[in-house]
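First residue of the sequence shown? That's -9 in my numbering, and the numbers climb one at a time after it.
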Amino acid sequence: ENVDRLARLLQEGVQEILDRGIIVRDVARGLVDFPSQREGREVYLCWIGGEERIEFWHDTDRGFAHREPL
């Protein structure tokens, strides 16, 4: 019963993240992209575990290797 409850809570948390358009790229590293706008175009704000705040962005057709400072 505890395992079922925890699984349900985890699924609800994941769904809340997905509903906001947030993309979890790598769970182990904590790599996450957040949809945003920059200079009138859609981009992703990029964060990885260990960083104190969101300080990088990249175009939607590029990834972590191409992120740039805000």
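Just so you know, even glycine gets a beta-carbon here, dropped at the ideal spot from N, CA and C.
In this text, all values refer to a predicted model and were calculated from it rather than measured experimentally.
### Task
Just mark D23 as buried or exposed, buried being the case when its beta carbon has 16 or more other beta carbons within 10 Å.
If you number the sequence shown from 1, residue 23 lands on position 33. Under this definition D23 is a buried residue.
### Task
Hey, could you find the ends of the alpha helix (DSSP H) I44 is sitting in?
Position 54 of the sequence shown, counted from the start, is the residue given in the question as residue 44. Segment: none, I44 is in no alpha helix (DSSP H) and carries neither H nor E.
### Separation of R31 from I44, as counted between CA atoms
As a working mapping, residue 44 is identified with position 54 in the sequence shown. As a working mapping, residue 31 is identified with position 41 in the sequence shown. Approximately 18 Å between the Cα atoms of the pair.
### Task
Would you kindly report the start and end of the unbroken beta strand (DSSP E) that includes I13?
For the purposes of this step, residue 13 is taken as residue 23 along the sequence shown, with counting starting at 1. Residues 13 to 16.
### Of the residues H56, E(-9), D16, R52, the one placed nearest I38, counting alpha carbons only
The count along the sequence shown starts at 1 and reaches residue 38 at position 48. Comparing Cα-Cα distances from I38 to each of H56, E(-9), D16, R52, the minimum goes to D16.
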